[in-house]
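To convert, note that position 351 of the sequence shown is 351 in this note's numbering; the numbers rise steadily by one, no gaps.
Step one of this worksheet: look at the structure below.
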Amino acid sequence: MKAVRKVLVRALVKEFYKANTGFFLVVLGLGFGFLKTAQHVDLTSFLAVKPFYYLVVLVLWLLYTAKTLSFVFMVKRLPNNSWLSYLVLLNPLKRLLLVLHIQALLFLPILGYGFFMTAIAIQLNQWTSAVLVIAGNLILLFGATNMVESKLISPVDTKLQIGFKNFTNRLPKPFPMLFVHHLLNRQSILLLGTKTASLIVLVGSIWIFEMEGTDLRLLNLGLLLSAAVNAAFCFHYHQYQQSELLIYRNLPIANNLQFVWYGLSYLILMLPELMVFFGNLGLDISTLFLLKSALLPLTLLLFYHCLFYLKGIDMENFIKVVFFATAILFFVILGRIEVIFISGLFLLLSYFIFQKRGQESTD
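Right, here's the structure in full:
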């Protein structure tokens, strides 16, 4: 078992940190170049006293988790790593502990900062905050471990998941529904996990708002973080386009209509969040505010989708964009910038990128 552990550390952990050296240098520069130790303590103390803002940290941790999972899944697909499937021959419990050890090494940045946040919360006697941080770390660690373990032992040519097959075969299949149908049939675990995390974030923001009762920005922040979680779909939508929707490039369909279709796809994907959002707040908040706020996640997802039409945008760069865009917009919304202006800006950027892509494909 020690020999297997050493090989996995070399193949997964060392390669992960080597491949992401630039990313960690940027994060270290932003996190410790501008903020000193005392400022980190002050910021962490503020989070411990106002645990709602842990949602920001949670979304950033989710993005980092997606980054580790993406790397492991990419490594598994390499032809010279087909031997990873033979891990299925190990004792299930020992294999799970082995993968937990590997995932913990990949999670060192999260676990280290989580330990620091927990220590500050305990020092301030904020036991609820300490429990939230510990629970968040453990849920992410064990959840990622389960996904990595199942991926490593699965065959390279994965079969269709048929749990929703009978149901989804009866769904209508216009263009905006195609990707939703694909998710239900082939990536139901991704769909369920992403929606669960997104709804937890959104319900948390609504719950905090109902306790505070005044600051409407909390609702917009919840939708912002929910959009960051749902951004995982944008990458998979791009892959789905490249593999199964290439025929639409050769059909005489106007670019504007395709742009609307993609927008409708993300509207359908966001229906659970929008139903929770309007269902909980429709009687207390003005409909105009709710509609303006609902545009934020839709335009952000459309923008993230269109980013893949730019040359040089891969999964690595995409996660960085979502990470930093969410962090920046969080403070922009706190600065009382009208969310309708933010949504309008991202909608225009999305349309410009999409039209530029359409012109290049016809040249």
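Positions of the beta carbon are idealized from the N, C-alpha and C atoms, including for glycine.
The three-state reading of DSSP puts I206 in helix, counting H, G and I together. Between the C-alpha atoms of G263 and L298 there is a straight-line separation of about 7 Å. Remark: C-beta atoms of V99 and T118 do not approach each other more closely than 7 Å. CA-to-CA, the gap between V180 and I102 works out to about 33 Å.
Taking the C-beta atoms as reference points, S45 is found nearer than 7 Å to I120.
Note on geometry: alpha-carbon atoms of L267 and L47 lie some 32 Å from one another. The continuous stretches of alpha helix (DSSP H) do not include S286, and DSSP gives it neither H nor E.
When DSSP states are grouped into helix, strand and coil, R336 belongs to the coil group.
Pairing L219 with T326, the inter-Cα distance amounts to about 15 Å.
If you ignore the 5 residues before and after F52, its C-beta comes within less than 8 Å of the C-beta of G204, S205, I208 and L218, all in its own chain and listed in chain order.
Taking the Cα of G335 as reference, the smallest distance to any Cα among V41, T68, H238 and D215 is reached at D215.
Cβ-Cβ separation between N255 and F354: approximately 7 Å, consistent with a contact (criterion under 8 Å).
In its chain, beyond the 5 residues on either side, no residue has a beta carbon closer than 6 Å to the beta carbon of I342. Ranked by how close their Cα comes to the Cα of D284, the residues V321, E210 and G344 have E210 in first place. Ranked by how close their Cα comes to the Cα of V201, the residues W61, V41 and Y17 have W61 in first place. Within the same chain, and ignoring the five residues on either side of S293 in sequence, the residues whose Cβ sits closer than 7 Å to its Cβ are L219, N220, L223 and V339. R186: member of the alpha helix (DSSP H) spanning F175 to R186, first to last residue. Contact annotation: A130 and I139 have beta-carbon atoms that are not nearer than 7 Å. In this chain, Q126 is not harboured by any alpha helix (DSSP H), its DSSP state being neither H nor E. Linking S150 to T287 through their CA atoms gives a straight-line distance of about 44 Å.
For K356, the CB contacts under 8 Å within the same chain, skipping 5 residues up- and downstream, are Y309 in chain order.
Within 10 angstroms of the beta-carbon of I328 lie fewer than 16 other beta-carbons, which makes it exposed.
With respect to L300, A227 sits close: the two C-beta atoms are nearer than 7 Å. In the DSSP assignment, K311 falls outside any alpha helix (DSSP H) and carries neither an H nor an E.
Closest in alpha carbon position to V148, among L184, W127, T68 and K311, is T68.
Boundaries of the alpha helix (DSSP H) around K6: K2 to L8. M270 carries a coil assignment under DSSP once its states are collapsed to helix, strand and coil. The C-alpha of S265 is placed about 31 Å away from the C-alpha of L141.
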